[in-house]
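Only one structure is covered here, and it is reproduced in the block below.
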Amino acid sequence: MNSPVSPSRYVVVAAIDASSIADDVLDRASGLTRAQGGELHVAHVLDPSEVAKAAQETPSREQAVRQAAHDRIDRQIKRAREQGTTVQGHLLTGEAMPQLLQLTAGLQADLLVVGTHDPSRVKRLLLGSTAESLVRKSPCPTLVVRPKRIGVDPEVIEILPPCPDCVAMQQATHGKYLWCDRHAQHHPQAHTYYEYPDGFGGGATFFKGDHPGSAQVLDDRQPE
11 MNSPVSPSRY
21 VVVAAIDASS
31 IADDVLDRAS
41 GLTRAQGGEL
51 HVAHVLDPSE
61 VAKAAQETPS
71 REQAVRQAAH
81 DRIDRQIKRA
91 REQGTTVQGH
101 LLTGEAMPQL
111 LQLTAGLQAD
121 LLVVGTHDPS
131 RVKRLLLGST
141 AESLVRKSPC
151 PTLVVRPKRI
161 GVDPEVIEIL
171 PPCPDCVAMQ
181 QATHGKYLWC
191 DRHAQHHPQA
201 HTYYEYPDGF
211 GGGATFFKGD
221 HPGSAQVLDD
231 RQPE
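Residue numbers in the sequence shown follow the working numbering, run continuously in steps of one, and reach 234 at the last position.
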């Protein structure tokens, strides 16, 4: 029987590689770790076939491959510590998916953070073969970090870029209002937003519409 994790211990594992998304993975994992007062474990898996190939060239080439992996981990550890995060590093060797799953299980992690740099695979919820396997098999919740892009795959339902005026409205009002004057009146999608204002007791309220000219406040509590 697995021993329960102490309520005071919150463990995040961030799986990084050599891709450009690694910094985003680290930053997201680091922020979530600090928010919970937890510990971050940065993991990188070294492919043994890459090491073997380098060894066939020259011993110095093999050493360079190993050193690059160490440097990659050290860089992300330094980045996390500069952000004020408690962090440890793990350099693993083997097949990425089982190595990361074993580490996650061994640490009794609460969250695994991985990255993908191929957003076109979202149509199948495939995030690269390793990330896909981790999402399906991880013993804990898995967060996938990818670049923010819109309309990247013609086979996916079309997603239009955000309206600049709507974005300006959201930023100016800190999210109090979401749509510009034009989209508040004729938005293509129906929206219902739930909110729990102070003083309303146990009953939830919902706001239909999100612009001063169109909002209605309704109380869904049942009459006694």
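Ideal Cβ positions, reconstructed from N, Cα and C, are used throughout, including at glycine.
Whole-angstrom C-beta distance between residue j and residue i, which should lie under 8 Å
i: H51; j: L117; result: 6 Å
i: L121; j: V22; result: 5 Å
i: V123; j: R19; result: In fact, because the Cβ distance is near 17 Å, the residues do not count as touching under 8 Å.
i: A53; j: A24; result: 7 Å
i: Q109; j: V55; result: 5 Å
Backbone secondary structure at residue i - three-state DSSP
i: Q93; result: coil
i: G98; result: Note that residue 98 is Gln in the sequence shown, not Gly. Of the three classes helix, strand and coil, the one that applies to Q98 here is strand, per DSSP.
i: G47; result: coil
i: G116; result: helix
i: A25; result: strand
i: G41; result: helix
i: S30; result: coil
i: V15; result: Low per-residue confidence applies at V15: pLDDT is 49, beneath 50, and the placement is therefore not dependable, though the value from the model is reported in the following sentence. Correct three-state label for V15: coil.
Straight-line Cα distance separating residue j from residue i
i: E105; j: T95; result: 28 Å
i: Q195; j: V145; result: 39 Å
i: Q98; j: P172; result: 39 Å
i: A45; j: R192; result: 37 Å
i: R82; j: D175; result: 41 Å
i: L111; j: K147; result: 8 Å
i: V35; j: G125; result: 6 Å
i: T43; j: A90; result: 10 Å
i: R156; j: I87; result: 20 Å
i: M11; j: P149; result: Note that M11 scores 47 on pLDDT, short of 50, meaning its location in the model is unreliable; the coordinates nonetheless yield the value given after this. About 15 Å.
i: E84; j: H184; result: Reading the sequence as shown, one finds Asp at residue 84 and not Glu. Taking the straight line from one Cα to the other gives about 37 Å.
i: G41; j: S59; result: 34 Å
i: V154; j: A119; result: 15 Å
i: M179; j: K158; result: 20 Å
i: G47; j: M107; result: 27 Å
i: D33; j: L170; result: 27 Å
At least three beta-carbon pairs within less than 8 Å, the stretch 184–193 to the stretch 62–69: no
What are the start and end residues of each continuous alpha helix (DSSP H) run of 4 or more residues lying completely inside the stretch 166–191, in chain order? 174–182
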